[in-house]
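The opening position of the sequence shown corresponds to residue 163 in our numbering, with each subsequent residue numbered one higher. No residue lacks a Cβ here, since even glycine has one placed at the ideal position from N, Cα and C. Values in this document were obtained by computation on a predicted structure and should not be read as measured data.
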Amino acid sequence: MYSYADRIRAVALYIKLGLRVRATIRQLGYPTKNALKGWYQHYLKHQDLPASQAGMSCFLCVGRFLNLSSCRSAWCEGEAVAV
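This is how it looks when you write it as structure tokens:
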């Protein structure tokens, strides 16, 4: 998980470098190309990024729950999951 500052820094550099994924990742050392593109698309649509990635984490957690029948993610503590 990346902090808001890390994500906004990556998007800003991505824009500054002319939307060049490899150059951005090479310079920062993170994120994956799909994460960067997703952050950028969200930034274009909302002109900002979410303060946390809790929603995304719970989505992943539900997927793990359905596949592994257990969820150990702190993000989903207290979340109800209907199967």
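- Residue environment for LEU206: exposed (fewer than 16 other C-beta atoms within 10 angstroms of its C-beta).
- Under the DSSP assignment, ARG184 falls in the alpha helix (DSSP H) whose first and last residues are 183-190.
- Counting every other CB atom within 10 Å of its CB across the protein chains shown gives ALA172 a total of 16 or more, marking it as buried.
- In the three-state scheme derived from DSSP, where H, G and I count as helix and E and B as strand, GLY180 is classed as coil.
- In this structure LYS195 is in contact with ILE187, their Cβ atoms being roughly 7 Å apart against a cut-off of 8 Å.
- Burial state of TYR176 is buried, judged by a 10 Å Cβ sphere holding 16 or more other Cβ atoms.
- For the pair TRP201 and LEU211, the CB atoms are nearer than the 8 Å cut-off.
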